[in-house]
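For the sequence shown, position 38 (counting from the first letter as 1) is numbered 38 according to our numbering, and the numbering increases by one without interruption.
For glycine and all other residues, C-beta sits at the position ideal for the given N, C-alpha and C.
These figures come from a predicted structure and were not determined experimentally.
The next block holds one structure in the form of structure tokens; read it before the comments.
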Amino acid sequence: MHCYSRLIRFISRATLLYYLAPVVVIPTGAKTYYADNQIGRDDRSGTQPDEPWKNCPGMAEFSGSATLAPGDKVYFKAGKTWRVTGSQGIYLVGGVTYVGNAWGASTERARLQAAADLDAGLVRFRDHPTIPTLFQGFEIDGNGHVTTGVDINHRHWSKMQGASKQVVDCEIHHIFSRESANQYKYGIIVSNHGGLAGLTENVQILGCKVHDVSRDALCIYPGDEDANCRVSKVLVRGCEVFNTGQDPDYQAGAGLLIKGYVQDAHLEYNYVHDTKGAAIFVNGNESRHYNTGPIDIHISYNLVTGSTGHGGIRIYDGRSGKDPKKIRVYGNLIFKCLGGPGLYLSNDLGNRLDLAVYNNTFFEAPVFIHCPQAQVDLLEFRNNIVVANKGVPLTDDFGQITKHTDNLYFSKTGVAVVSGGNAFKSAQITTEFESTALSIDPQFQDVSDLPTGFSQSKAGFLAPNQAGLSLQRKSRARNYGAPLGREFKGSINSVERPANSLWDLGAYQTEGEQH
């Protein structure tokens, strides 16, 4: 299981400003409760471990008269299963902490399992103005029923701008819906269909695993009923996402999805693989357009791989219209994207684009830019490594990159870059395309030793669990890149890049102090 304290400890300094809650004063009289569906009874007080509730207030199955108050804490017996029904499996009280992996001898999480279709999901959130709402250490099993896993302001909306809403160390799986039956359910979704009356802020999704879902797995996705349907200040960190798009009617199924008017969202240190749609997908609004779109989106230090024609990281607009976007993509390790590009900007993209692509490693995951309808205000490509044993590492059909410096392009088949209709072989890169580039083998440690997730050091720092795509000591890509500022100084192996000297190219940093 993931360690919550380590996940919080390692959030980057930039995200700390937004996502760490202030010191919380627990209200006088806050209580601790226990739930055990084997020996429990709902007519008890529930405050003693040996006299627990059977269920919990907020569940349709709860038959007692007790209520929860902000500051309370409820422990579910680890390893036990609650089969839930009703409008939602459990309707959380804002400001209450729910824990499913800390009480009891079992090493398994407490399980909430759908026993029927659920309108608003297995878990439905509320928030509190000043006290965080925490849901930690549960298995959320859709059990093949039509239900969302975790619903934060999606099916029924209200204003949720209070203290943080945290989903930590949970596993969400086997979520079902059919597009042909107008069913749209997700693993985790953070939303707003109420405009100013439904604003959603301050959400943290940490150390969760989401898999085997009918549509998209983990979504930051407000509606577009009016121009003020906005979600902001969301952190998705340390999660693993796979086996999406299980609905046979649905031709996609993203891993991590940001869609519509989303502001200040950080996706970092996640492992996304085996998705039917794009691994990480950033899209404009679905149907209505107000010249607002995803703004200040940070996609950083993620592991991205898989076999899908939709791409590793895809930036997109649908047929109904185009929306502006401001996105930062940095420090990611994007590898073995068989069937599609590692970074994909195609001719569906429109409106204004502000995109920075810094210090990423693309291995067998080419970069493809072909978006003539977009107004490119900024498209910087700096300090990246792009390697393709087959095909062209970087294609920029219309020469839309506004600045490219200090990158490494390497291809064993000849052409290393296509830009503005011109093809540049390796020997031409530095003389005809980018004077500060390298066009040589980057000398990775071992390209057969690819990561399958993240591991943590004893100090709690994260790094890919296999270092095959890190740089050998003799690699010329070490100490070759330009410093790009404090905002981008992290690395996928948790080594801080130096402030006043050259950075390594790509996602790894081999020297520097840990933060």
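| Item | Value |
| --- | --- |
| Residue environment, Gly506, which counts as buried when at least 16 other CB atoms sit within 10 Å | buried |
| Environment of Thr244 [buried if 16+ CB atoms lie within 10 Å] | buried |
| Gln509 classed as buried or exposed, judged by whether at least 16 other C-beta atoms fall within 10 angstroms | buried |
| Ser180, buried or exposed, once every other Cβ within 10 Å from all chains shown has been counted against 16 | exposed |
| Length of the line joining the Cα atoms of Glu496 and Arg486 | 10 angstroms |
| Which listed residue (Asn202, Val150 and Cys208) has its alpha carbon closest to that of Lys185 | Val150 |
| Of the listed residues Asn465, Phe176, Tyr91 and Ala110, nearest to Asp249 (C-alpha basis) | Phe176 |
| Identity of the residue in Leu122, Val241, Tyr480 and Gln456 nearest Leu112 by Cα | Leu122 |
| Same chain, Cβ closer than 6 angstroms to Asn351, five either side skipped, listed in chain order | Lys322, Asp323 and Pro324 |
| With 16 other Cβ atoms within 10 Å as the buried cut-off, status of Phe335 | buried |
| Reduced DSSP category for Glu108 - H, G, I as helix; E, B as strand; rest coil | coil |
| Close-in-space but distant-in-sequence residues of the same chain around Val96 (CB under 6 angstroms, 5 per side omitted) | Leu68 and Asp72 |
| Proximity winner among Thr107, Asp216, His128 and Tyr269, relative to Thr147 (alpha-carbon distances) | Asp216 |
| As assigned by DSSP and simplified to three states, the class of Glu51 | strand |
| Helix, strand or coil at Leu338 [DSSP, three-state] | coil |
| Cβ pair Leu349, Ile385 closer than 9 angstroms | no |
| Start and end residues, beta strand (DSSP E) containing Trp103 | Thr97 to Trp103 |
| Buried/exposed call for Asn500, threshold 16 Cβ in 10 Å | exposed |
| CB contact flag (Asn283, Gly311, <9 angstroms) | no |
| Inter-residue spacing [alpha-carbon to alpha-carbon] between Leu462 and Leu378 | 31 angstroms |
| Cutoff 9 angstroms: Pro129 Cβ touching any chain B Cβ | Of the protein chains in the structure, only one exists, and it is not chain B. |
| Burial state of Ala35 (16 or more Cβ within 10 Å) | buried |
| Any 3 or more C-beta pairs closer than 8 angstroms across the region 55 to 68 and the region 130 to 140 | no |
| Selected residue, minimal CA-CA separation from Gly420, among Glu432, Leu199 and Thr413 | Glu432 |
| Beta bridge counterpart(s) of Ala423 as assigned by DSSP | Val418 |
| Paired residues, beta bridge with Arg237 - DSSP | Leu206 and Glu268 |
| Inter-residue Cα distance where the pair is Ser494 and Asn302 | 12 angstroms |
| Same chain, Cβ closer than 7 angstroms to Thr15, five either side skipped, listed in chain order | Annotation note: pLDDT 46 at Thr15 (below 50); position unreliable, coordinate value reported separately. Excluding positions up to five away in sequence, the list reads Leu235 and His266. |
| Between the CA atoms of Gln445 and Gly162 - distance to the nearest angstrom | 47 angstroms |
| Rounded separation between Ala103 and Ala388 - CA only | One detail in the question is off: residue 103 reads as Trp in this sequence, not Ala. Rounded to the nearest angstrom, the two C-alpha atoms are 50 angstroms apart. |
| CA-to-CA distance, Arg44 to Leu257, given in whole angstroms | 43 angstroms |
| Separation of Gly223 from Asn291, as counted between CA atoms | 14 angstroms |
| With 16 other Cβ atoms within 10 Å as the buried cut-off, status of Gln400 | buried |
| Beta-bridge partners of Asn283, as assigned by DSSP | Lys259 and Tyr316 |
| According to DSSP, residues forming a beta bridge with Asn383 | BP columns for Asn383 are empty, so no partner. |
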